[in-house]
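Student: Dumping the structure here so I can ask a few things about it.
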Amino acid sequence: MTPEPAPTLAQLLTFYLEAGVDCALSEHPIDRLSDSGQGETLKTPSPAAPAAASMAPAAEPMPAPDAAIATAREAARTAASLEILRDMLEKFDGCALKSTATRLVFADGNPKARIMFVGEAPGRDEDIEGLPFVGRSGKLLDRMIASIGLDRSKVYIANVIPWRPPGNRTPTPLETQICLPFIQRQIELVDPDILVTLGNPSTQTLLSTREGIMKTRGRWFNYDTGTRVIRALATFHPAYLLRSPSYKRLSWQDLRAVAKALVE
27 MTPEPAPTLA
37 QLLTFYLEAG
47 VDCALSEHPI
57 DRLSDSGQGE
67 TLKTPSPAAP
77 AAASMAPAAE
87 PMPAPDAAIA
97 TAREAARTAA
107 SLEILRDMLE
117 KFDGCALKST
127 ATRLVFADGN
137 PKARIMFVGE
147 APGRDEDIEG
157 LPFVGRSGKL
167 LDRMIASIGL
177 DRSKVYIANV
187 IPWRPPGNRT
197 PTPLETQICL
207 PFIQRQIELV
217 DPDILVTLGN
227 PSTQTLLSTR
237 EGIMKTRGRW
247 FNYDTGTRVI
257 RALATFHPAY
267 LLRSPSYKRL
277 SWQDLRAVAK
287 ALVE
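If you use our numbering, the sequence shown corresponds to residues 27 to 290, in order.
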């Protein structure tokens, strides 16, 4: 039996891109299948490498999950402004996503806006620019908010997760719980009149529902900050609308409901 020809470099790169791998986490390749179980760099180290490695400071261990969540809650609770909250997130090391992301994606728009949009997590374009919703789905979101006479200078946009998950994978429940206190405090500080959750993950996380987006979209919820109840409405994430454009009509209905509520 004739063996399959080895894939070319171009074929390998195409495979990795389709699998969601679009950035490197290290300067050198690592053998994840080595007997050590921890992987070894395939590049032959220089004679000085062992001495340099022994002098390098040990990496800080990640805090235990419960400790990371408790630290996040305490830090978020004490943030007196959005600027302080952002600075806290820049220094926060309790979420592993920070180590694989290029930069923090905090927010965009007007911090005094009456309406706040919250998605799930940044993607590749957001990770590069450090702003939420700047890729294809972001351009669609811009058109969505423009359809009700608004733009980014009149709304506030953020995500539940402020760092991009590798390969745009779904954030784990633990990662979500660690980041949750920060987005909750962000909503408190912005104090909008209307909160719009974009997509199923942000809706379920912020509005404490187990129902899917097909049942929750277009419905009004009460979001309680502890000091005030904010009207909240769930709708489709722009990325979902790009994949399923037939649902744009329903999203338009949701946005009309938001526009109506703004003038009530």
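Even for Gly, the Cβ is constructed at its ideal location relative to N, Cα and C.
Bridge partners for TRP246 per DSSP, in chain order?
Tutor: According to DSSP, which records beta bridges pairwise, TRP246 is partnered with LEU259.
Student: Leaving aside the five residues before and after ALA265 along the sequence, list all residues of the same chain whose C-beta is less than 7 Å from its C-beta, in chain order.
Tutor: Contacts found: SER163.
Student: Would you say PRO148 faces chain C, with C-beta separation under 7 Å as the test?
Tutor: Structure shown: chain C not included; a single protein chain is present.
Student: Classify ASN226 as helix, strand or coil using the three-state DSSP reduction.
Tutor: It is helical.
Student: Tell me whether ALA133 sits in a helix, a strand or coil according to DSSP, three-state version.
Tutor: In this structure, ALA133 counts as coil in the three-state DSSP scheme.
Student: Drop a sphere of 10 angstroms on the beta-carbon of GLN230, count the other beta-carbons inside from all chains shown, and report buried for 16 or more, exposed for fewer.
Tutor: The residue is buried, with at least 16 neighbouring Cβ atoms inside 10 Å.
Student: Work out the CA separation of LEU221 and LEU110 for me, nearest whole Å.
Tutor: It should be noted that the sequence gives Ile, not Leu, for residue 110. Going by the C-alpha atoms only, they are around 22 Å apart.
Student: Give the straight-line distance between the Cα atoms of LEU157 and GLU290, rounded to the nearest whole angstrom.
Tutor: Cα to Cα, the separation comes out at about 31 Å.
Student: If contacts are defined as beta-carbon pairs under 8 Å, then LEU291 and SER107 qualify, I think. What distance do you get, rounded to the angstrom?
Tutor: As shown, the chain starts at 27 and ends at 290. That puts residue 291 outside it, with no answer to give.
Student: Which residue's Cα is closest to the Cα of TYR249: ARG112, MET142, ASP280 and LEU115?
Tutor: Looking at the Cα atoms, MET142 is the closest of the given residues.
Student: If you drop the 5 nearest sequence neighbours on each side, which residues of the same chain put their C-beta closer than 8 Å to that of GLU201?
Tutor: So the list reads CYS121, ALA122, LEU123, ILE187 and PRO191, once near-sequence residues are dropped.
Student: With DSSP as the reference, please indicate the residues paired to ALA101 in a beta bridge.
Tutor: According to DSSP, which records beta bridges pairwise, ALA101 is partnered with nothing at all.
Student: Measuring alpha carbon to alpha carbon, tell me which residue in LYS180, PRO227 and GLN212 is nearest ARG195.
Tutor: With distances taken between Cα atoms, ARG195 lies closest to PRO227.
Student: Please state whether DSSP places ILE220 in a helix, a strand or coil.
Tutor: It is a strand residue.
Student: Apart from the five residues on each side of it in sequence, which residues of its chain come closer than 7 Å, Cβ to Cβ, to ASN185?
Tutor: Correct list, in chain order: VAL131, VAL144, GLY145, GLU146, ALA147, PRO148 and PRO158.
Student: In the DSSP assignment, what are the bridge partners of PHE143?
Tutor: Per DSSP, ILE183 and VAL222.
Student: Within 10 angstroms of the Cβ of ASP153, are there 16 or more other Cβ atoms? Answer buried if so, exposed if not.
Tutor: Buried, since its Cβ has 16 or more Cβ neighbours within 10 Å.
Student: Rank LEU167, GLY252, ARG140 and TRP189 by C-alpha distance to the C-alpha of SER277 and give the top, closest one.
Tutor: It is LEU167 whose Cα lies nearest to the Cα of SER277.
Student: Does DSSP classify PHE118 as helix, strand or coil?
Tutor: Correct three-state label for PHE118: coil.
Student: Would you mind giving the Cβ-Cβ distance between LEU224 and THR261, rounded to the nearest angstrom? I have them listed as a contact below 8 Å.
Tutor: The Cβ separation is near 6 Å, so the contact holds.
Student: Does ASP113 pass the burial test, meaning 16 or more other C-beta atoms within 10 Å, or should it be called exposed?
Tutor: Counting Cβ neighbours within 10 Å, ASP113 comes out exposed, since fewer than 16 surround it.
Student: Thinking C-alpha only, which one of THR251, GLY252 and GLU237 is nearest ARG245?
Tutor: ARG245 has its Cα closest to that of GLU237, out of THR251, GLY252 and GLU237.
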